[in-house]
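Accompanying notes for the structure given below.
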Amino acid sequence: MFRRDLLAGAALAAALPRFAIAQPARERVLRYVPHANIPNIDPFTNTAFIARDHAFLVYDQLYGMDEQFRPQPQMVQGHVVENGGLLWRFTLREGLRFHDGTPVRGRDCIASIRRWGRRDAFGQELMARVAEMTEESDRVFAIRLNRPFPKMLEAFSKVTTSCLFVMPERLANVDPFTNISEAVGSGPYRFVQNEWVPGSSLAYVRNPDYVPVPNGTPSMTAGPKVAHFERIEWRIIPDASTAAAALQAGEIDWWEQPTADLFPLVARNRNIAVDIINNTGLIGIFRPNHLTAPFNNPAVRRAVVTAVNQMDFMTAVIGTSGVEGRPNLRREGIGYFAPESPSASTVGLDRLKKSVDQARAELQAAGAMGARLVLLNATDLSSINAATLVGADLFRRMGFNVDLVSADWGTVVQRRASKNPLEQGGWSGFFTFWSGVDHWNPASHASIRGHGDAAWPGWPSIPAIEAQRNAWFDAPDDAAARAATTEMQRIAFDEVPYVPTGMYYQPTAYRRNLTGILKGQPPLFWNVRRV
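All residue numbers for the sequence shown refer to our numbering, where the first residue is 24 and numbers rise by one.
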């Protein structure tokens, strides 16, 4: 993984391409390098983090979420709940307008909720309880339920993909399984569509008509969203050395995810800050394909759990260096929910035995010794590539016959959608990462679900997990909710929808003349200014 040294200095800086913007304009422009390319700008059909990060610039939400994961009114002035929780009435703030000049109305919110509710798991749970949604006036809409849904505001304010972003009715009425072709929201920045060069760059300009929440303190996606930069430019730079050198030379302002081999070196530059803004971390998983042998056998999946040493994976991904305030960026003992979340439990963690010898015995007993694995690897994402190489070595030592298929992330995503058997282009498993907030509770946790063909790729069918997920939604109090998630983890360690491979904290790097970068998830661009 430690593939290169950073060549700092004038010679490298001189070789970098210069952005053709005069110095006075530069002070009003923020240049940012995201972790990936964005091939699709639809925030409902594209569940990748990069699409969500783009959407938070362009769109707004009915409710924001603060750093304590509490919903706060954002587009909404307020709401009332009546009839024993079966009627919710929402009133929008005055002066909200979309980037095309049209006012934000109740019908836009209703159409956006419907479209989002077809694609998002939390939204689907809400829509299953919706009897009717009506616009009572331009600024007031009502949701009538057939049974209570006390987590309504958590659904509206979620920061995990797919988030509920409000778009004009004409876009929200597009089939939820068809990509929208333009990005028009009511957020603090407008997307400059004619400057979008897929795979190269994106641009956003400040929305002069945006009306921030009038009071409160900015906290994650809640509070006033004040845009201090006239323009935001995203530069897609896949090569980490090029991004690191550009940051050192002042050609970019912010590099979202510096790699493990480069962030300690970048941090030595006195003009650069290296910090952790997402304190929920990133949780690694190995996702087996439950439809094909050998992972259609739960005993084989359990053997992998027995073998995994989470610290081996996290060391390969992020190394052994730390940052100020967090000297160790790696964590082990990670179960099926984020360790700081109210859903976390220690139940079943003793199944992570770090024993290849015991795993080989379990594999032999399951009749899978020597079984072929087609392991997908995304080489253009350093964290996934590092985890996959560790996993491939572990699987070979366990006794599998590993066929490592390496490609770019987009190709991996396309192939993992296939349910074909291995001999017809199928696959056995892949490694990936989720933000800790994605594993905060059952509503946002897509990879633990067990609803078969409708599940996230891997398609586990585990009715007992679905029953406990439903119990969590209907829990009358915190104790009952905790009991449901504890039981979900117990079942998960037995049925293994996926294998948790540890957790790490991803540093971000930015020029020290930036201030106001908000903590939390995702990376946010309001409140940031240059000093």
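Quick reminder that beta carbons are idealized off the backbone N, C-alpha and C, glycines included.
Every value quoted in this text rests on a predicted model; they were computed, and no experiment measured them.
Assigned exposure category for phenylalanine 309 - 16 Cβ within 10 Å defines buried: Numbered from 1 along the sequence shown, position 286 holds the residue referred to as residue 309. With 16 or more other Cβ atoms within 10 Å, it is buried.
Closest Cα partner of glutamate 347 within the set Glu363, Leu115, His77 and Ile300: The residue labelled residue 347 in the question sits at position 324 within the sequence shown. Residue Ile300 is the option with its Cα nearest to glutamate 347.
Alanine 506, enclosing alpha helix (DSSP H) - first and last residue: Locating residue 506 in the sequence shown gives position 483, where the first residue counts as 1. Unbroken alpha helix (DSSP H) run through alanine 506: 501–518.
Every unbroken beta strand (DSSP E) within the region 71–155, with a cutoff of 3 residues, ordered by chain: 86–88, 94–96, 99–105 and 110–115
Euclidean distance between Cα positions of threonine 315 and proline 444: In the sequence shown, counting from the first residue as 1, residue 315 sits at position 292. In the sequence shown, counting from the first residue as 1, residue 444 sits at position 421. Roughly 6 Å separates the two Cα atoms.
Cβ shell of asparagine 351 (< 6 Å), same chain only, five flanking positions each side left out: Looking up residue 351 in the sequence shown gives position 328. Same-chain partners within the cutoff: Gly345.
Buried or exposed (CB count within 10 angstroms, at least 16 for buried), proline 545: On the sequence shown, residue 545 is found 522 positions in, with the first residue counted as 1. The residue is buried, with at least 16 neighbouring Cβ atoms inside 10 Å.
Run of the alpha helix (DSSP H) containing arginine 420, from where it starts to where it stops: Mapped onto the sequence shown, residue 420 falls at position 397. Here the alpha helix (DSSP H) through arginine 420 covers 405–421.
Phenylalanine 336 and glycine 414 closer than 9 Å at C-beta: Taking the first residue of the sequence shown as position 1, residue 336 is located at position 313. Taking the first residue of the sequence shown as position 1, residue 414 is located at position 391. Result yes, Cβ atoms of phenylalanine 336 and glycine 414 sit closer than 9 Å.
Environment of arginine 138 [buried if 16+ CB atoms lie within 10 Å]: Indexing the sequence shown from 1 puts residue 138 at position 115. Answer is buried; the Cβ neighbour count reaches 16.
Inter-residue spacing [alpha-carbon to alpha-carbon] between proline 362 and asparagine 217: Residue 362 sits at position 339 when you count from the first residue of the sequence shown. Residue 217 sits at position 194 when you count from the first residue of the sequence shown. Their backbone Cα atoms lie some 43 Å apart in a straight line.
Glycine 433 in three-state terms, based on DSSP: Taking the first residue of the sequence shown as position 1, residue 433 is located at position 410. Glycine 433 falls in the helix class under three-state DSSP.
Same chain, Cβ closer than 6 Å to valine 103, five either side skipped, listed in chain order: Taking the sequence shown and counting its residues from 1, the one referred to as residue 103 is at position 80. Counting only residues of its own chain and dropping the five nearest sequence neighbours on each side, valine 103 has a CB closer than 6 Å to the CB of Arg112.
Opposing strand residues paired with threonine 531 [DSSP bridges]: In the sequence shown, the residue the question calls residue 531 occupies position 508. Partner(s): Asp298.
DSSP bridge partner residues for proline 523 (one or two, in chain order): Looking up residue 523 in the sequence shown gives position 500. Answer is Ile308.
Through-space distance from alanine 59 to proline 338, alpha-carbon basis: Position 315 of the sequence shown holds residue 338. Position 36 of the sequence shown holds residue 59. One detail in the question is off: residue 338 reads as threonine in this sequence, not proline. Whole-angstrom Cα-Cα distance: 22 Å.
Segment contact, 8 Å Cβ cut-off, at least three pairs: the region 484–495 with the region 322–333: Contact fails: fewer than three Cβ-Cβ distances are below 8 Å.
Which residues DSSP lists as bridging tryptophan 277, in chain order: Residue 277 sits at position 254 when you count from the first residue of the sequence shown. Its beta-bridge partners are Tyr55 and Tyr533.
Where alanine 498 sits in the DSSP three-state scheme: Residue numbering aside, residue 498 sits at position 475 when the sequence shown is read from its first letter. Of the three classes helix, strand and coil, the one that applies to alanine 498 here is coil, per DSSP.
Start and end residues, beta strand (DSSP E) containing valine 220: The residue labelled residue 220 in the question sits at position 197 within the sequence shown. Segment: none, valine 220 is in no beta strand (DSSP E) and carries neither H nor E.
Given alanine 151 as reference, the closest of Leu168, Arg162, Thr157 and Ser135 once Cα atoms are compared: Position 128 of the sequence shown, counting from 1, holds the residue named residue 151. When only C-alpha atoms are compared, the closest one is Leu168.
Span separating the alpha-carbon of leucine 541 from that of proline 171: Position 518 of the sequence shown holds residue 541. Position 148 of the sequence shown holds residue 171. Cα to Cα, the separation comes out at about 34 Å.
Residue burial classification, glycine 342 (beta-carbon count within 10 angstroms, cutoff 16): Counted from its first residue, the sequence shown places residue 342 at position 319. So glycine 342 counts as buried.
Exposed unless 16 or more other CB atoms sit within 10 angstroms - verdict on glutamine 46: Position 23 of the sequence shown, counted from the first residue, corresponds to residue 46. Residue placement at glutamine 46 is poorly supported in this model, since its pLDDT is 39, which falls under 50; the coordinates are not used for a value here.
Start-to-end residues for the alpha helix (DSSP H) that takes in lysine 347: Numbered from 1 along the sequence shown, position 324 holds the residue referred to as residue 347. The question names lysine, but residue 347 in the sequence shown is glutamate. Segment: none, glutamate 347 is in no alpha helix (DSSP H) and carries neither H nor E.
Under 9 Å between C-beta atoms of arginine 535 and tryptophan 277: As a first step, residue 535 must be located in the sequence shown, where it is residue number 512. As a first step, residue 277 must be located in the sequence shown, where it is residue number 254. No, these two residues do not count as a Cβ contact at 9 Å.
For asparagine 493, the three-state DSSP class (helix, strand or coil): Indexing the sequence shown from 1 puts residue 493 at position 470. Three-state DSSP puts asparagine 493 in a helix.
Glutamate 155 to threonine 265 span [Cα, whole Å]: Position 132 of the sequence shown holds residue 155. Position 242 of the sequence shown holds residue 265. When rounded, the distance between both Cα atoms is 53 Å.
Per-residue DSSP class, three states only, for arginine 264: The residue you call residue 264 lines up with position 241 of the sequence shown. The question names arginine, but residue 264 is serine in the sequence shown. It is helical.
7 Å CB neighbourhood of alanine 515 in its chain, flanking five on each side removed: Position 492 of the sequence shown, counted from the start, is the residue given in the question as residue 515. For alanine 515, where only same-chain residues beyond five positions count, the Cβ hits under 7 Å are Tyr359, Ile471 and Ile488.
Aspartate 426, DSSP secondary structure in three states: Translated into positions along the sequence shown, residue 426 becomes position 403. Strand.
Secondary structure of leucine 288, DSSP reduced to three states: The count along the sequence shown starts at 1 and reaches residue 288 at position 265. DSSP places leucine 288 in helix when its eight states are reduced to three.
Sequence-distant residues of the same chain with beta carbon closer than 8 Å to asparagine 238, five excluded per side: Locating residue 238 in the sequence shown gives position 215, where the first residue counts as 1. For asparagine 238, the CB contacts under 8 Å within the same chain, skipping 5 residues up- and downstream, are Pro247 in chain order.
Residues of its chain near serine 364, where Cβ-Cβ distance is below 6 Å and the 5 sequence neighbours each way are ignored: Here residue 364 corresponds to residue number 341 of the sequence shown, with the count starting at 1. Closer than 6 Å at Cβ, skipping near neighbours: Trp463.
Exposure label - proline 66; buried when at least 16 CB within 10 Å: Here residue 66 corresponds to residue number 43 of the sequence shown, with the count starting at 1. With 16 or more Cβ atoms within 10 Å of its Cβ, proline 66 is classed as buried.
Local Cβ density within 10 Å of asparagine 69, reported as buried at 16 or more and exposed below that: Here the question's residue 69 lines up with position 46 in the sequence shown. Buried.
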